[in-house]
Structure formats: C-alpha cells, structure tokens
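Chains as they are written, first to last, in this note's numbering: chain A, 88 to 491; chain B, 145 to 320; chain C, 4 to 213.
Heads up, the beta-carbon is just placed ideally off N, CA and C, and yes, glycines get one too.
Predicted model, so just to flag it, every value in this text is computed and none were measured.
Encoded as structure tokens, the structure appears first; notes follow it.
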Amino acid sequence: MSPATLQDQTIVEFDVRTDEMLVNMGPQHPSTHGVLRLVLRTDGEVISEVTPHLGYLHRCAEKIGENVMPIQFIPYTDRMDYLAGMNMNLAYSLAVEKLCGMKLPEKANVLRVMIAELNRIASHLVGMGAYGLDLGTFSPFLYAFREREMILDLFEELCGARLTYSYITIGGVHDDLPEGWIDRCKQFLDYFEPRILEYHALLTTNHIFVQRTAGIGILSKELALSHACSGPMLRGSLNRKAGDPEWDLRKLEPYCGYETYDFKVIIPPFDDDYYGVPYRTPRGAVIGDCWHRFYVRMLEVLESIKLIRQAMQRYPSAQGSHRIEPPRHLPGGEAYLETECPRGAMGFYVVGAPNKQAVPLRVRAKSSSFLNLSVTNAICNGCLIADIPAIVGSIDIVMGEIDR
Amino acid sequence: MTASDIITALETKFGTKIKSKSLEAIDPFIVVDPSDLVEVVRHLRDEPTLAFDLLHNISGVDYLEPDPKKAAKAGFEPHLEVVYHLQSFQHRHRLVVKVLLPRWKNDQKGQLPEVPTLTSLYGSANWHEREVYDLVGVIFVGHPDLTRILLAEDWEGHPLRKDYEFPLEYHGIRGR
Amino acid sequence: MGWLEGRFEESVVTTTLEQAINWARESSMWPMTFGLACCAIEMMATGASRYDIDRFGAGAFRATPRQADLMIVAGTVNFKMAARVRRLYNQMPDPKFVIAMGACTCGGGPYYKYGYNVVKGVDLVVPVDVYVPGCPPRPEALLEGLMRIQDKVRAMKDLTKGQPLEIPIPARTGFTHLPPELSDPDPVKAVEKQNAWAKRNKERAAPAKA
C-alpha cells in the first residue's frame with residue numbers, strides 16, 4: 088500500500104493536493120547520486136508519476152569493449168561502477184575466463200575473494216554515508232569515509248590506485264600481496280568491526296531516519312522479479328520465513344570457490360537473533376521498504392568481514408600462482424556470466440569472433456542498477472516529494488554503471 | 145532441469161518452431177523466428193516446470209566485418225542477433241533464446257529490422273528493449289514507448305553497429 | 004604600502020581595499036556540488052574526514068550555482084550533459100572559476116578514441132582556469148588545484164586595472180619526496196636502486212604459464 092492511501096495520512100494529503108505540475112529533478116542535483124534526471128508529475132506534494140531520464144553519463148563502454156583486447160578493457164570496467172572497481176574487474180575477468188575455459192589456481196581465487204569482499208565493504212560504506220546525506224544528516228558520511236580511507240590505503244598498497252584499481256585481471260590478480268599486508272588488513276578488521284555498532288547508533292536506529300525510511304517505497308517480490316531486480320534491492324523484498332530462496336549468486340552459482348566459505352545470505356525479516364545483531368526491525372518497517380534495503384546492506388558488511396577473515400586464514404597455505412597467462416586469442420563462441428556485485432547481479436556477455444581474434448566481437452554489460460532503477464516509477468507512486476531522495480538513495484545507484 | 149531437458153521439452157511442444165539449438169555451446173541456446181518469439185517465451189514463463197520468470201538481459205549483436213578484405217574469412221554471414229538471457233527464480237536454471245534478423249529490413253539500408261516486444265511478459269524488457277533500439281537499431285513492435293534511452297533524442301545512427309561512423313560535431317561541439 | 008606601515012598601534016592592520024577583497028574571496032571559495040562520475044567520489048573524499056577541504060575555506064559545497072564561485076567539473080562530460088554544464092556555468096555569479104578535474108574533462112581521457120558520445124575536454128564547453136589531470140586525481144591533487152585558483156584570485160586587480168594578463172607565479176608548489184628505499188644523495192645510486200625495485204616488482208607480478 089502506498090503512503091497516499093494510508094488512513095492516517097489522508098488529512099495531510101488533502102492539504103497538499105493542488106494542481107498537477109511537472110517538476111524537473113536533476114541531472115545536477117545533490118541527492119540523485121550523479122547525473123540522473125527525474126521528471127516528477129506531482130499533484131501538490133503527491134507524486135503520480137516519475138520518469139527517469141538516463142544517458143547523462145553514457146561513455147560508450149560497450150563500443151570500446153569491442154575495439155580493445157579484454158585485458159585492455161579491464162580499466163574501463165573500473166570506471167563503470169566506480170565505487171566497486173574490484174568487483175567489476177572480477178565480473179569481466181570471470182566472463183572472459185568462462186569463454187576461454189580457464190581454470191585458476193587456488194591462490195588467485197583466495198586473493199580475489201579477499202579483495203572483492205573488502206571492496207564490497209567500501210562500497211556499502213559509501214552507500215550508507217551518501218544515504219545519510221540524502222536524508223539530511225552529515226555525520227555518518229564522515230564516519231563512513233574515515234573507515235573507507237583505511238580500506239583505500241590497503242588497496243593503494245596493493246596496486247597503487249585509490250579508486251580505479253585494475254588489480255583483478257584476466258587469469259588471476261595482477262600482483263601478489265606485499266609483505267605484511269595480511270597483518271595490516273587484520274588490524275583494520277579488528278578496528279572496524281566494533282565501529283559498525285556506531286553506525287547503527289548513528290543512523291539505523293535514529294528516530295528521524297526510521298521515520299523517513301520505514302514503510303516508504305515498498306517493493307513487492309512480484310514486481311522485483313518482473314523487473315529482474317537483484318542484490319540488496321531484491322533481497323530486501325524477500326521473506327526468509329515464507330521460504331524464499333537465498334538469492335545470492337555467491338551461494339546459488341558459486342564462483343571463485345565461494346561454496347567453500349561459511350557465510351549467510353541476508354534476507355529479512357530481522358525480528359529474531361538469526362544474524363546475531365542487537366538491532367531489530369523498528370515499528371512501521373515492512374519487508375521491501377527503504378529501511379530493509381538499507382539494513383540488508385549493513386548486515387552484508389558483517390558477512391563480508393567473516394569472508395575476509397576466512398580467506399586470510401587460507402592465504403598462507405593456498406597453492407599455485409597468483410596469476411596464469413591468458414590465451415592470446417579469444418576462442419569463438421559466447422559466454423554470459425553474472426556475479427554478485429555490491430549493487431546486484433552484474434552480468435557480462437562476451438562474444439568471441441569465430442575466426443579467433445584478439446578483440447571480442449561484442450561486449451555487453453548488463454547493469455544491475457539499470458534494472459533496479461527501472462522500478463522507480465512503480466514504487467514512487469503516491470509518495471511525497473520529500474520521499475523521492477529516500478527512495479532513490481535506497482536503491483543505491485551508480486550512474487556510471489547504469490549508463491556505461 | 146538441465147538444458148537438454150528444457151530444450152527437449154520445448155521441441156516436443158513446438159516442433160519446427162525451434163529453428164536450431166546448441167547444447168555444446170557454453171550457454172546452451174535455442175533460435176526462434178521473430179514471429180514465434182512471444183509464444184515460445186510465454187510458454188517458458190508460464191509452464192510450471194520451466195517457470196522462467198526472470199529476464200536478465202537483452203542484447204543486440206551485430207555480426208559484420210566492416211573491412212571488405214577480411215569479410216570472406218570472418219566465418220559468419222552479416223546479420224543481427226537479439227539475445228535473451230532467461231532464468232527461473234524457483235528452479236534456478238538458465239536458458240538463452242536467440243532471434244536472428246537481417247541487418248536491414250528487406251535489405252534496404254536505413255530500414256531497421258523488427259522484433260515483437262516482450263514488455264507484456266517482463267517488466268525488465270521495457271528499458272532493455274529501448275537500449276537495444278538506441279544502440280543497435282532494432283525496432284520492437286508493440287513497445288509502449290520506443291524512444292532513445294541513453295543517447296540524445298536527436299542523435300543520428302546506432303553506435304553499436306559495426307559500420308557506424310563517429311560524429312564530427314554535435315550542436316557546435318567538435319567530436320574528435 | 005610603505006610609509007603607512009607600522010605608524011599605528013598594535014592590532015591595527017593596514018591593507019588596500021583590493022587586497023582585502025581578494026583575501027576574503029580566496030579564503031571562502033564556495034564550490035558547487037557538481038559530481039558527474041568517478042572523480043566525484045574523489046571530490047567527496049576531499050571534502051570528507053581525512054583530506055578536509057574546509058581547511059582551505061572551500062568546504063561549503065553549494066547545491067545551487069547561484070551561490071557558488073567555483074565549479075569543479077568532476078567527471079566525464081558527454082554531449083547530452085554539455086548543454087547542462089554550460090547552462091550551470093552561465094547561472095553562476097561573477098567572478099567564477101572552473102577546475103577541470105580528471106583526464107576526461109582535460110581532454111577526453113581514456114574515452115578519447117572510441118567515445119562517440121564524450122566531449123573531448125570540457126574546455127570545448129566552458130572556459131577552464133585550472134586543469135587537474137589524473138584518472139581520477141588524488142585528493143591532494145585537487146587541493147593543489149584549489150590553491151592554484153587561490154593564487155589566481157590573489158592576483159586579481161578588478162578594482163584598479165582589471166584582470167591580470169599573465170598567469171600568477173604559484174605561491175606554493177606540490178613537491179614530493181621519494182621513500183628512502185628509492186632515493187639516494189648520489190643520483191647514480193638512486194637510479195640503480197629504482198631500477199632494482201622495478202625489476203623486483205616485475206618479477207613478482209609475472210604470471211605463471213597456464
């Protein structure tokens with residue numbers, strides 16, 4: 088049920104209904120997370136239609152992909168989802184490796200898991216901080232970036248870059264870990280884990296935050312499946328107790344040896360101690376609303392920490408090299424592979440030319456945010472203008488990935 | 145169900161409407177005619193043992209070797225493919241459905257080929273079909289709002305065609 | 004100022020009106036939040052806890068161009084966005100400054116060759132004062148770019164003679180030190196050290212045969 092049809096809100100709604108008008112939000116707007124343009128059809132304060140306009144960051148990545156070699160395309164995947172460069176490198180590398188039929192040594196896989204999960208934490212931290220900014224609180228942003236800088240320091244030591252890493256490449260990872268990196272990573276995790284309670288105290292249980300997110304922008308499971316939503320957006324709409332599957336590609340179609348790690352997939356409801364966190368669903372929050380999507384992300388951070396710790400234990404005894412030589416030419420044929428990125432299932436579809444070229448015939452990036460954003464019109468229907476930043480922020484979009 | 149079971153079930157149901165299949169490809173696929181696409185996909189979605197209720201991706205692929213000297217050795221005839229990646233939420237199996245099209249309708253340059261739309265079956269088809277129309281140049285017949293989604297509305301040409309020429313200028317800003 | 008200085012008691016400062024205005028202007032550069040792509044994240048990092056752009060008086064990010072002095076174009080500009088960039092620039096009040104942050108805004112960057120939709124440098128759309136290269140530039144680089152803008156403001160003479168023609172000599176410079184394992188007082192030894200380091204890194208990163 089959308090907020091406009093709720094009983095207790097009718098008095099407010101009649102006050103704010105006037106004439107229909109179009110409001111243009113963006114492309115330069117602080118709460119649209121980049122250059123998204125929304126055209127809102129409003130009746131006073133009540134939204135009746137939202138039309139997203141994309142393409143203000145279209146950077147021709149697919150055209151570039153079919154003109155350069157796969158290993159040269161890795162830096163462009165960084166720039167698609169710039170908050171989770173490592174995960175995007177991983178997605179494209181896995182797709183090309185699937186096409187070439189490569190089997191990686193254990194050490195490369197352990198390194199990949201460790202780095203990808205570390206980047207997932209960094210990405211969710213920005214998601215949390217920026218979501219706080221959208222809803223008018225500045226301090227979680229500063230806390231989140233304080234911790235994120237430490238992760239970036241670790242990455243910088245690894246590959247020299249702060250944001251666009253190109254560290255995970257085709258055939259493994261670019262370089263082995265520097266000396267002492269594992270200890271510093273352990274140190275960071277020991278520092279970071281207790282800090283998560285601070286975020287919950289600052290944001291998750293904040294009364295104003297709960298008021299602005301609980302029961303807002305409810306996405307039903309049917310709608311999410313019809314629009315093929317993925318990631319926290321879909322998982323926030325599922326119900327563990329109603330027997331919905333754990334829809335996480337790390338569990339369903341494991342890659343990089345995720346099947347041998349012990350972790351949980353975060354699925355609501357959060358009214359018991361299943362995930363072992365002290366905070367439960369606040370009053371007013373229903374499955375599929377902004378609060379649940381946000382909380383799924385926050386709990387995924389904890390699971391990522393678990394995964395990194397397990398990978399760090401395996402690293403010293405892992406066999407093989409960190410990287411193997413990829414074949415010089417792509418074989419003919421096509422491969423489609425989806426991986427679980429912080430924002431959802433990121434798929435790469437690589438077509439190799441039949442006459443064995445060095446460049447692929449076609450590279451298609453199936454973006455998760457693209458599909459997650461396509462439900463905006465349906466879930467914003469009937470909400471107030473002030474709820475739009477809350478809903479769009481909870482989708483946690485990155486325009487570089489949507490427009491590619 | 146494994147891919148061979150799915151394709152066998154489809155062949156018993158549709159017979160010759162499945163134009164060709166490939167089980168030894170990395171992702172097994174079937175090829176259907178544009179006119180049969182909606183019927184086959186509707187069956188894939190509604191049949192309880194198949195239940196392909198997720199349409200993950202629609203991509204258009206342009207098979208063309210722009211260099212005439214290399215065209216003989218390219219290994220394919222010039223054509224367009226529209227590729228649908230489907231998955232089932234309940235059974236978790238995947239299938240690829242392909243539609244083969246001529247590069248230009250009736251072989252007249254400038255006339256875009258046509259495919260029926262899947263927007264009545266999947267919500268995710270809406271934006272993906274707009275994107276394929278925008279970048280590859282395929283018209284989806286029956287789409288409620290078939291406009292450009294990524295490029296500007298007055299853009300000329302479809303950039304992911306292999307013979308696309310990059311613009312020299314756009315609204316007074318030089319392009320290269 | 005010469006003869007005026009030191010004639011008054013303590014805590015009285017003498018200055019020219021122009022210098023006072025320039026000082027005020029350079030110490031409160033208000034940038035516009037104009038994040039387009041990847042560089043926007045580095046711009047956010049510059050504004051956040053560790054790098055804290057507020058130290059240089061430029062931390063008040065404004066959401067509207069009407070209140071901003073400085074436009075940091077952070078990220079790729081494409082043809083669809085170019086008209087908006089120009090419009091936002093025109094909406095800013097004078098005097099206004101533009102930093103082109105990142106390789107894409109400096110000249111197309113990695114999208115130069117195959118980017119059919121990418122503007123090859125934001126200077127084709129709006130006039131640029133300072134270019135900050137990098138993909139993306141580090142926050143230190145953006146701070147350096149900001150200081151160059153402040154140098155430019157300090158040399159402004161719009162009360163007396165109008166804008167200076169030549170670019171002012173920067174008051175600060177971004178000089179960096181190499182770590183001790185790579186530097187040496189003897190230049191020959193330093194080069195040897197760096198070569199050995201590069202060789203070692205190359206061997207470490209070499210892939211195994213498949």
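Cα-Cα separation between residue i and residue j, rounded to whole angstroms
i: T97(A); j: N174(A); result: Bear in mind that the predicted position of T97(A) carries a pLDDT of just 49, short of 50, making it unreliable; the figure below should be weighed with that in mind. Each residue's alpha carbon lies about 45 Å from the other.
i: I374(A); j: E427(A); result: 22 Å
i: L186(A); j: A216(B); result: 24 Å
i: Y204(A); j: E488(A); result: First, the amino acid is wrong: residue 204(A) is Glu here, not Tyr. Cα-Cα distance, rounded: 19 Å.
i: I305(A); j: V485(A); result: 21 Å
i: V122(C); j: A153(B); result: 51 Å
i: A23(C); j: V76(C); result: 28 Å
i: P114(A); j: G121(A); result: 7 Å
i: M88(A); j: A144(C); result: Low confidence applies to M88(A): its pLDDT is 44, below 50, so where it sits in the model is not reliable enough to give any reading.
i: L222(A); j: A477(A); result: 6 Å
i: H116(A); j: R90(C); result: 14 Å
i: A11(C); j: T18(C); result: Correcting the residue identity first, residue 11(C) is Phe in this sequence and not Ala. About 13 Å.
i: V194(C); j: P68(C); result: 49 Å
i: E29(C); j: A158(C); result: 10 Å
i: S64(C); j: P257(B); result: The sequence given here places Phe at residue 64(C); Ser does not occur at that position. Their Cα atoms are separated by approximately 49 Å.
i: Y278(A); j: A209(A); result: 15 Å
i: S481(A); j: I161(A); result: 28 Å
i: Y492(A); j: R87(C); result: The structure shown does not extend to residue 492(A), since chain A is modelled only from 88 to 491, so the question has no answer here.
In DSSP terms, what residue i is bridged to
i: G434(A); result: E425(A) and K453(A)
i: Y348(A); result: In the DSSP output, where bridge partners are listed per residue, Y348(A) has none listed.
i: P260(B); result: V285(B)
i: S164(B); result: V175(B)
Within-8 Å CB hit, residue i to chain A
i: N25(C); result: no
i: I44(C); result: yes
i: F196(B); result: no
i: P136(C); result: no
i: N93(C); result: no
i: R305(B); result: no
i: G148(C); result: no
i: S232(B); result: no
i: E300(B); result: no
i: R236(B); result: yes
Residue burial classification, residue i (beta-carbon count within 10 angstroms, cutoff 16)
i: Y119(C); result: buried
i: F357(A); result: buried
i: R367(A); result: exposed
i: M108(A); result: exposed
i: K273(A); result: exposed
i: E313(B); result: exposed
Any C-beta of chain B under 8 Å from that of residue i
i: F228(A); result: no
i: P210(C); result: no
i: R327(A); result: no
i: N174(A); result: no
i: V438(A); result: yes
i: D306(A); result: Reading the sequence as shown, one finds Leu at residue 306(A) and not Asp. No, its Cβ sits nowhere closer than 8 Å to a Cβ of chain B.
i: V76(C); result: no
i: Y114(C); result: no
i: D573(A); result: Because chain A here runs from 88 to 491, residue 573(A) falls outside it and cannot be looked at.
i: L141(A); result: yes
Residue-chain proximity (residue i, chain C), Cβ-Cβ < 8 Å
i: C343(A); result: no
i: L458(A); result: no
Short CB-CB distance (under 8 Å) between residue i and chain F
i: L212(A); result: Given the protein chain composition of this structure (A, B and C), no chain F is represented.
Would you be able to state if there are at least three C-beta pairs under 8 Å between the region 449-461 of chain A and the region 395-404 of chain A? no
**Asked** Pairing CB atoms from the region 103-110 of chain C with CB atoms from the region 137-150 of chain C, are three or more of them under 8 Å?
**Response** yes
Quiz prompt | Meets three-Cβ-pair contact criterion under 8 Å: the region 320-335 of chain A and the region 374-389 of chain A | solution = yes
Could you say if the region 207-225 of chain A and the region 293-300 of chain A meet the contact criterion of at least three C-beta pairs nearer than 8 Å? yes
Please determine if the region 159-169 of chain A and the region 34-46 of chain C are in contact, where contact requires at least 3 C-beta pairs separated by less than 8 Å.
yes
Can we say the region 263-274 of chain B touches the region 236-251 of chain B, given the rule of at least three CB pairs closer than 8 Å? no
Taking 8 Å as the cut-off, does the region 201-219 of chain B touch the region 173-183 of chain B (at least 3 CB pairs, one atom from each stretch)? no
Below 8 Å, how does it come out for the region 409-423 of chain A and the region 133-152 of chain A: are there three or more Cβ pairs, yes or no? no
* Taking one C-beta from the region 182-193 of chain B and one from the region 164-171 of chain B each time, how about it: are there three or more such pairs within less than 8 Å? -> no
Contact the region 125-133 of chain A vs the region 225-234 of chain A: 3+ CB pairs below 8 Å | no
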